[in-house]
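Engineer:
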Amino acid sequence: MPQIKKILILGGGFGGINVLKSIQNKFKNEPNVRISIVSKDNYFLYTPMLPQVSSGLIHPSDITIPIRKLCKQAEFYQATISSIDLEQKLVTITRTFDGKVRALDYDYLIIALGSSTNFFDYKNIEKHAFVIKTVEDAIAIHDQIIHMLESAAQTSDVDFKKKIMTFTVVGAGFAGVETMGEINYLVRESVKNFYPSIEKKNISMNLVASEEFILPELGPKLGKDAGKYLRKAGVNVITNTKAVDAGEDFVQLDNGKKIPCMTLIWAAGITIDPVVSSLKCKHSTSGKLIVGMYLRLTEYENVFALGDCALITNPSTGQAYPPTAQNSIHQSTTVANNLFFMITGKSKLKEFSFESKGMMTTLGRRVAIAVVYGLHCRGSLAWLIWRTYYLYRLPMLEKRFQVATSWIADLLFKRDLTFVGKIKKKSLTKVHIKSNISSIKDLFKDF
Ligand SMILES: Cc1cc2nc3c(=O)[nH]c(=O)nc-3n(C[C@H](O)[C@H](O)[C@H](O)COP(=O)(O)OP(=O)(O)OC[C@H]3O[C@@H](n4cnc5c(N)ncnc54)[C@H](O)[C@@H]3O)c2cc1C
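Here our numbering is used: position 219 in the sequence shown is 213, and no number is missing along the way.
Printed below as a string of structure tokens:
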């Protein structure tokens, strides 16, 4: 009897599901290969469109794909990975639905556990900020915006109204800029159409960037252009500045300025989960797994790592590949190829090398900025390219259809302002309790 080879994939994000798809194809006719995948959510999240959930442009279910629908010959475990023992070839998982712990053994391991938000030890920021990483985060931001609009519409205290209508995003990479572009449009359009008691001059949108220009991934020229677009759309772009503290109703910047503000969104950095950063192998200073050009750990050739949790050096620049979905997808092809070689002896080991053909980001409605094959592109054309490319890359036809339908609906109708409030995080009572009712007349005033 030939021995069964067990492949275990950790993480159902861009890296994990693309390795899964490739190896299912490669091992279609190999009955002695058993594939398993573990992830804490039962769906794959298409993050490039997550900011559009925060602005209510698309629905959460448009960009979440059940992992089971991608499992043609793989077993799926919805569980949290609690520990990885590289010596014993064992992974301990805690099942999401009942908290039971179980161990999975493997012959080949693929680590694609992504990253989490880095607050750089700013405890108050961690306590008060919204983040944009998961579907729940995006829904919470959307709810917060509607909650702020409703609150501002019903207060006559102008200073308080301004505080409620101030939204600050810290971090000017893809996630921060796209989120700012989306919420800026949602707030301004909603005020124009539905909230006559809020004046335009009460709205303040701030984007805080630690570098001289935003979107450093696109280079200084496009980064500066993107900043100009956002300023024209009413965003106050604050460069060369960091946020260092926050409270219920303010954000403190390192230039001494304190922004009165009820909504802070933190998109300023990533860190690596301790389950990965504590593994006994080589790490970068940020805890990423250092892999060689075959994307294997140097100490354990049966273990691959890719995506945001891996540090992979670009041989032509000597710099690490940035943590992007695009890089994770390309790395998954190399991992699948090398795994196939190691198990079957067919094909040969391939080194990972990838030069990006382009990068792009949206800045709001009908505006994007892109660099494709070295050509710089801005405005509606870039926006059209962005939409076509990202719609095409979204796995599953039914989800593409759903997103396209949401986009068309948005061109025809005004945004939905329903406040469900299920994941509400902030209560205004903490910052604005005024006991000013001294006569029956006061009950007719707003507060
Ligand atoms: C808002 C936003 C917008 C973005 N926009 C773009 C863009 O436009 N273009 C671009 O190229 N990139 C973009 N990115 C970056 C991109 O999402 C990441 O680079 C990419 O997701 C990395 O892929 P990955 O497989 O390494 O990690 P992920 O896709 O994050 O997947 C990690 C998986 O591991 C699971 N997991 C983690 N820890 C555990 C655990 N302990 N137990 C069980 N499961 C676990 C997670 O649930 C997840 O399924 C964006 C990111 C965000 C947050």
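All C-beta atoms in this analysis are idealised placements derived from N, C-alpha and C, irrespective of residue type, glycine included.
Contact defined as beta carbons within less than 8 angstroms: I believe M174 pairs with I158. What is the distance between those atoms, to the nearest angstrom?
Structural biologist: Not confirmed; about 18 angstroms, so no contact.
Engineer: Could you pull out every unbroken alpha helix (DSSP H) segment of at least 4 residues lying fully inside the stretch 37 to 92, listed in chain order?
Structural biologist: 44 to 48
Engineer: Are the CB atoms of T233 and L247 within a distance shorter than 7 angstroms?
Structural biologist: no
Engineer: If we call anything under 7 angstroms between Cβ atoms a contact, is W380 one with T399?
Structural biologist: No, Cβ-Cβ distance for W380 and T399 is not below 7 angstroms.
Engineer: Quick check: the Cα distance between K94 and Q72, rounded to an integer number of angstroms?
Structural biologist: 11 angstroms
Engineer: L4 to Q18, Cα distance in whole Å?
Structural biologist: 15 angstroms
Engineer: Nearest to N321 by alpha carbon, out of L258, E193, C303?
Structural biologist: C303
Engineer: Whole-angstrom Cβ separation of Y37 and I61, contact assumed at under 8 angstroms?
Structural biologist: A Cβ-Cβ separation of about 6 angstroms places Y37 in contact with I61 under the 8 angstroms criterion.
Engineer: For R225, does the count of other Cβ atoms within 10 angstroms reach 16, so buried, or fall short, so exposed?
Structural biologist: Within a 10 Å sphere around the beta-carbon of R225 sit fewer than 16 other beta-carbons, which makes this residue exposed.
Engineer: Thinking C-alpha only, which one of I363, L44, W260 is nearest D115?
Structural biologist: W260
Engineer: Taking DSSP as the reference, what is the three-state secondary structure of G142?
Structural biologist: The residue asked about is misnamed: residue 142 is Met in this sequence, not Gly. Here M142 sits in helix by DSSP.
Engineer: Quick check: the Cα distance between T318 and G301, rounded to an integer number of angstroms?
Structural biologist: 8 angstroms
Engineer: Quick one: is the Cβ of F168 within less than 6 angstroms of any heavy atom of ligand 1?
Structural biologist: Distances from the CB of F168 to the heavy atoms of ligand 1 include at least one below 6 angstroms.
Engineer: Does DSSP put I266 in a helix, in a strand, or in coil?
Structural biologist: coil
Engineer: Does the Cβ of P190 have 16 or more other Cβ atoms within 10 Å, making it buried, or fewer, making it exposed?
Structural biologist: exposed
Engineer: Just reading off the beta strand (DSSP E) that K226 is part of, what are its end residues?
Structural biologist: Counting along the chain, K226 falls outside any beta strand (DSSP E), though it belongs to the alpha helix (DSSP H) covering 213 to 226.
Engineer: Is any heavy atom in ligand 1 found nearer than 6 angstroms to the beta carbon of K446?
Structural biologist: Given a span of -5 to 441 for the chain in the structure shown, any question on residue 446 remains unanswerable.
Engineer: Between K83 and ligand 1, is the CB less than 6 angstroms from at least one heavy atom?
Structural biologist: no
Engineer: Let's see if you can read the secondary structure: which residues bound the beta strand (DSSP E) around H370?
Structural biologist: 369 to 372
Engineer: With respect to the alpha helix (DSSP H) encompassing V238, which residues constitute its N-terminal and C-terminal limits?
Structural biologist: Run containing V238: none in the alpha helix (DSSP H); it sits in the beta strand (DSSP E), 237 to 241.
Engineer: Given that a residue counts as buried once 16 or more other Cβ atoms are within 10 Å of its Cβ, and exposed if not, what is N430?
Structural biologist: Confidence in N430 is poor, its pLDDT being 48 and thus under 50, which makes the residue's placement unreliable; the coordinate value appears in the next sentence. Counting other Cβ atoms within 10 Å of its Cβ, N430 stays below 16 and is therefore classed as exposed.
Engineer: CB-CB under 7 angstroms to D410, same chain, minus the five flanking residues each way: which ones, in chain order?
Structural biologist: G50
Engineer: Any heavy atom of ligand 1 within a distance shorter than 6 angstroms of the CB on D267?
Structural biologist: yes
Engineer: Looking at chain B, is there any beta carbon in it that lies within less than 7 angstroms of the beta carbon of I61?
Structural biologist: Considering every chain present, this structure includes no chain B. It has just one protein chain.
Engineer: Can the beta-carbon of I31 be found less than 7 angstroms from the beta-carbon of F70?
Structural biologist: Cβ distance < 7 angstroms, so I31 and F70 count as in contact.
Engineer: Using beta-carbon positions only, say whether F334 and S341 come within less than 7 angstroms of one another.
Structural biologist: yes
Engineer: Let me know if F244 comes out buried or exposed under the rule of 16 or more other beta-carbons within 10 Å of its beta-carbon.
Structural biologist: buried
Engineer: Which residues share a DSSP beta bridge with K252?
Structural biologist: Q246
Engineer: Do A299 and I105 have their CB atoms nearer than 7 angstroms?
Structural biologist: yes
Engineer: My guess is that K393 and I59 are in contact by the Cβ rule of under 8 angstroms, so how many angstroms apart are they, rounded?
Structural biologist: With 8 angstroms as the limit, K393 and I59 qualify as a contact, their Cβ atoms being about 6 angstroms apart.
Engineer: Write down every uninterrupted run of the alpha helix (DSSP H) in the stretch 143 to 175 whose length is 4 residues or greater and which is fully enclosed by it, in chain order.
Structural biologist: 152 to 158
Engineer: Is the stretch 8 to 15 touching the stretch 135 to 155, taking contact as three or more C-beta pairs under 8 angstroms?
Structural biologist: no
Engineer: Beta carbon of T44: closer than 6 angstroms to some heavy atom of ligand 1?
Structural biologist: The identity of residue 44 in the sequence shown is Leu, whereas the question assumes Thr. Yes, Cβ of L44 sits closer than 6 angstroms to a heavy atom of ligand 1.
Engineer: Assuming contact is defined by CB atoms lying nearer than 7 angstroms, are S184 and T160 in contact in what I supplied?
Structural biologist: no
Engineer: Whether or not the stretch 77 to 87 and the stretch 38 to 46 are in contact is what I'm after, with contact meaning three or more pairs of Cβ atoms, one per stretch, closer than 8 angstroms; do they touch?
Structural biologist: no
Engineer: Leaving out five residues on either side along the sequence, give the residues of the same chain with a beta carbon under 8 angstroms from the beta carbon of Q(-3).
Structural biologist: N26
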